[in-house]
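Mind the numbering: the sequence shown is residues 0 to 392 in numbering that gives the first Met the number 0, read in order.
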Amino acid sequence: MTAPYYRDTWVEVDLDAIESNVKNMRTYLPKNTQLMAVVKANGYGHGAVEVAETALGTGADWLAVAFLDEAIELRLAGIEAPILVLGRVRPEDVPIAARYHISLTVYQTEWLEQAMNFYQKNDPVFLHVKLDTGMGRLGIRDEESLSRFVRKLKEDSRFVLEGAYTHFATADEEDESYFEEQYKRFQTALSWLKSDGVNPNIIHCGNSAASLKHPEKMFNLVRFGISMYGLSPSPSMKHKLPFQLKEAFSLYSRLTHVKKVEPDEAISYGATYRTAGYEWIGTAGIGYADGWHRRLQEQHNQVIVNGERCPVIGRICMDQLMCRLKSEVPAGTKITLIGTDKNECITIDEIAEQLGTINYEIPCMINERVPRIYLKNKEIIKIKNPLIKGMRL
């Protein structure tokens with residue numbers, strides 16, 4: 000059930016929070032709308048397999064990933080639910096996708112031609128056609144290209160158009176004019192499909208933002224991504240959500256050394272910080288090689304020690320950082336970088352604001368050097384440490 004870890008820095012993933020967010024979304028959506036849990040990028044840094052199992056056990060119908068490799072990881076973990084790859088899969092890899100019963104995104108007639116040539120078996124290959132209504136990333140953009148795609152599709156009954164979808168560029172913004180424009184374009188593109196004699200069973204356009212704002216307009220499936228992890232799609236939506244989201248990701252470390260330093264002493268590389276007086280300095284074993292960015296330094300970032308915020312001082316190192324303590328504490332004291340300690344809380348949104356980025360990036364940037372501890376009912380049910388996953392105790 001558990002893997003060992005031998006360092007005092009770790010992530011805690013609250014699976015009860017994931018479960019709560021999925022349950023609330025499931026209740027909020029219209030009755031016949033399916034829910035696709037998006038677990039790409041290792042479940043936004045939380046753990047793809049663990050999040051997928053929790054989401055499926057709570058009412059999710061589908062899973063979505065970015066790459067075929069991510070889908071295969073889920074299959075090898077024993078997950079049998081439908082999976083859609085949102086990104087491009089090479090035509091020559093279609094046999095692998097078919098073997099593992101993985102649905103693919105398609106948006107090029109040329110890709111379809113190549114895939115038909117590579118695929119030598121008779122088992123069906125399930126496809127979702129991506130329609131570019133204004134994101135400008137992937138997708139078919141015009142009626143002629145879509146008709147050409149459909150004509151090619153009809154040449155080979157092994158290739159089944161299971162779904163059609165698009166992605167909104169501004170669904171999380173207050174101004175909904177571009178969202179409405181994209182929505183109309185999507186309806187038009189669906190009418191093109193229908194006029195070509197194709198009527199996919201699954202139609203989806205809703206990411207977390209669009210689904211939370213307009214559940215009644217999301218056809219028969221929504222893609223539940225960032226908000227499944229307890230995070231608002233944007234700051235502007237944070238206080239307008241239809242239900243409370245529970246953040247699932249926390250990051251902790253422990254002080255490896257505590258010392259009292261005299262006035263005007265330098266701390267860390269470049270001697271950019273000097274003590275103003277006698278100061279208690281704590282060192283923790285986490286750094287930029289773990290994904291804790293060097294910009295989170297020089298007092299722009301804080302950690303929580305014994306329920307009090309303490310500034311990070313000096314430059315963050317590859318494997319360590321230093322903080323200025325309120326008073327002497329013993330080595331081994333837990334520090335909180337993301338999460339709650341007593342009455343103090345540092346949120347992912349706060350870290351994102353300090354880095355000038357979005358909350359999506361923060362859990363994704365904490366890499367596999369940092370073990371993940373999975374909690375259910377506040378009890379540890381699994382420890383995941385990819386660095387030494389094959390070690391025998």
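Note that the Cβ used here is the ideal one computed from N, Cα and C, for glycine as well.
(request) Give the secondary structure of Glu367 by DSSP, where H, G and I count as helix, E and B as strand, and everything else as coil. (result) Along the sequence shown, read from residue 1 onward, the residue named residue 367 stands at position 368. Correct three-state label for Glu367: coil.
(message) Could you compute how far the alpha carbon of Lys129 sits from the alpha carbon of Ile334?
(response) Here residue 129 is taken as the residue at index 130 of the sequence shown, counted from 1. Here residue 334 is taken as the residue at index 335 of the sequence shown, counted from 1. Taking the straight line joining both Cα atoms gives about 45 Å.
(request) Determine the direct distance from the alpha carbon of His292 to that of Trp9, and round the result to whole angstroms. (result) Within the sequence shown, numbered from 1, the residue matching residue 9 stands at position 10. Within the sequence shown, numbered from 1, the residue matching residue 292 stands at position 293. Between Trp9 and His292, the C-alpha separation is close to 16 Å.
(message) Please list the terminal residues of the continuous beta strand (DSSP E) segment that includes Ser231.
(response) Here residue 231 refers to the residue found at position 232 when the sequence shown is read from its first residue. Annotation for Ser231: no beta strand (DSSP E) segment contains it, and DSSP assigns it neither H nor E.
(request) Determine whether the Cβ of Lys129 lies closer than 8 Å to any Cβ atom of chain C. (result) Going by chain labels, chain C is absent from the structure shown, which holds only one protein chain.
(message) Is it the case that the stretch 30 to 49 contacts the stretch 275 to 285, given that we only count it when at least three CB pairs across the two stretches are under 8 Å?
(response) The stretch 275 to 285 makes no contact with the stretch 30 to 49: fewer than 3 CB pairs, one atom from each, lie closer than 8 Å.
(request) With a floor of 3 residues, list each beta strand (DSSP E) that falls wholly inside the stretch 335 to 364, ordered by position along the chain. (result) Runs found: 343 to 345.
(message) Report the CB separation of Ala54 from Val21 in whole angstroms; it is logged as a contact under 8 Å.
(response) Locating residue 54 in the sequence shown gives position 55, counting from the first residue. Locating residue 21 in the sequence shown gives position 22, counting from the first residue. At roughly 5 Å, the Cβ-Cβ gap stays under 8 Å, so Ala54 and Val21 are in contact.
(request) Could you give the DSSP three-state label for Tyr27: helix, strand or coil? (result) As a first step, residue 27 must be located in the sequence shown, where it is residue number 28. It is helical.
(message) Can you tell me whether Val328 is helix, strand or coil according to DSSP?
(response) Within the sequence shown, the letter at position 329 stands for residue 328. Coil at Val328, not helix or strand.
(message) Please report the distance separating the alpha-carbon of Cys204 from that of Glu349.
(response) Indexing the sequence shown from 1 puts residue 204 at position 205. Indexing the sequence shown from 1 puts residue 349 at position 350. If I take the Cα positions, the gap works out to 29 Å.
(request) May I ask you to verify whether the stretch 58 to 69 touches the stretch 86 to 102, counting CB pairs closer than 8 Å and requiring at least 3? (result) In short, these stretches touch, since the Cβ pair count reaches three.
(message) Quick check on this structure: which residue in Gly46, Cys309 and Phe167 has the alpha carbon closest to the alpha carbon of Thr282?
(response) Along the sequence shown, one-based indexing puts residue 282 at 283. Thr282 has its Cα closest to that of Cys309, out of Gly46, Cys309 and Phe167.
(request) Reducing DSSP to helix, strand and coil, say where Met35 ends up. (result) As a working mapping, residue 35 is identified with position 36 in the sequence shown. DSSP, read as helix, strand or coil, puts Met35 in strand.
(request) Report the option in Arg25, Leu34, Glu175 and Val12 whose CA atom is closest to the CA atom of Met236. (result) In the sequence shown, the residue the question calls residue 236 occupies position 237. Out of Arg25, Leu34, Glu175 and Val12, Glu175 has the C-alpha closest to the C-alpha of Met236.
(message) Closer than 8 Å is the cut-off here; do at least three beta carbon pairs connect the stretch 378 to 386 with the stretch 254 to 264?
(response) Segments in contact, no.
(request) Quick one: grab the DSSP three-state call for Leu240. (result) For this step, residue 240 is matched to residue 241 along the sequence shown. Collapsing the DSSP output to three states places Leu240 in coil.
(request) Answer yes or no: do Tyr268 and Glu297 have a C-beta to C-beta separation smaller than 8 Å? (result) If you number the sequence shown from 1, residue 268 lands on position 269. If you number the sequence shown from 1, residue 297 lands on position 298. No, the pair does not count as a contact, with Cβ atoms beyond the cut-off.
(message) Please give me, in chain order, every unbroken run of the alpha helix (DSSP H) with length at least 4 that falls completely inside the stretch 138 to 186.
(response) Those alpha helix (DSSP H) runs which fall completely within the stretch 138 to 186 and span 4+ residues are 142 to 152.
(message) Can you list, in chain order, the residues of its chain with a C-beta nearer than 6 Å to that of Thr165? Leave out the 5 residues immediately preceding and following it.
(response) In the sequence shown, residue 165 corresponds to position 166, counting from 1. Here the set comprises Leu130, Thr132, Phe185 and Cys204.
(request) Taking 8 Å as the cut-off, decide whether the C-beta atoms of Glu343 and Ala351 are in contact. (result) Along the sequence shown, read from residue 1 onward, the residue named residue 343 stands at position 344. Along the sequence shown, read from residue 1 onward, the residue named residue 351 stands at position 352. Not a contact, by the Cβ cut-off of 8 Å.
(message) Within a Cβ cutoff of 6 Å, which residues of the same chain sit near Asp340, ignoring the five residues on either side of it in sequence?
(response) Taking the sequence shown and counting its residues from 1, one reaches residue 340 at position 341. Exclusion of the five residues before and after Asp340 leaves Ile303 and Gly306 as the residues of its chain whose Cβ lies within less than 6 Å of its Cβ.
(request) Between the Cα of Lys239 and those of Leu14, Ala247, Glu172 and Glu143, spot the shortest distance and give me the residue it belongs to. (result) Translated into the one-based positions of the sequence shown, residue 239 becomes position 240. Taking only the C-alpha atoms, the option nearest Lys239 is Glu172.
(message) Under 8 Å: do the stretch 44 to 53 and the stretch 22 to 32 share three or more Cβ pairs, one atom per stretch?
(response) At 8 Å Cβ cutoff, the stretches do not touch.
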